[in-house]
Amino acid sequence: MRKVVLAVLLVAALPLSAPAAPRTVTLSVPGMDCPVCPITIKKALSRVNGVAKVDVSVEKHEATVTFDDTKTNVEALRNATANAGYPSTVKP
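Counting from 826, one number per residue, gives the positions in the sequence shown under our numbering.
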């Protein structure tokens, strides 16, 4: 009986962490102007820890990224595109 009570107390004492909230952001990437650019940008963004999905459009000059906001943030995504040679900004 003591073990059961102790187990219940231990479980109750565990912190409740917030579930990961998937977030989507669209980045404007004005320097993207060739068929190879989207491949480079997609690879750079996909390598960021927490990124779940990347869609890149050369026609719209943008990248839409779905990511886990407990593992990464928009600034890390912007840094990834900039480090690949394609500075980006967040589209409103």
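Don't be surprised by glycine CBs; every beta carbon is placed ideally from N, CA and C.
All values reported here derive from a predicted model rather than from experimental measurement.
- Beta-carbon to beta-carbon, S853 and E887 are separated by about 6 angstroms, close enough to satisfy the 8 angstroms threshold.
- Sequence-distant partners of G856 (beyond 5 residues in either direction) whose C-beta falls short of 6 angstroms from its own C-beta, in its chain, are Y911.
- Cβ contact annotation for T851 (same chain, cutoff 6 angstroms, sequence separation greater than five): E887, T889 and K916, in chain order.
- As the crow flies, the alpha-carbon of D858 is around 27 angstroms from that of T897.
- E887: not part of any alpha helix (DSSP H); member of the beta strand (DSSP E) spanning E887 to D893, first to last residue.
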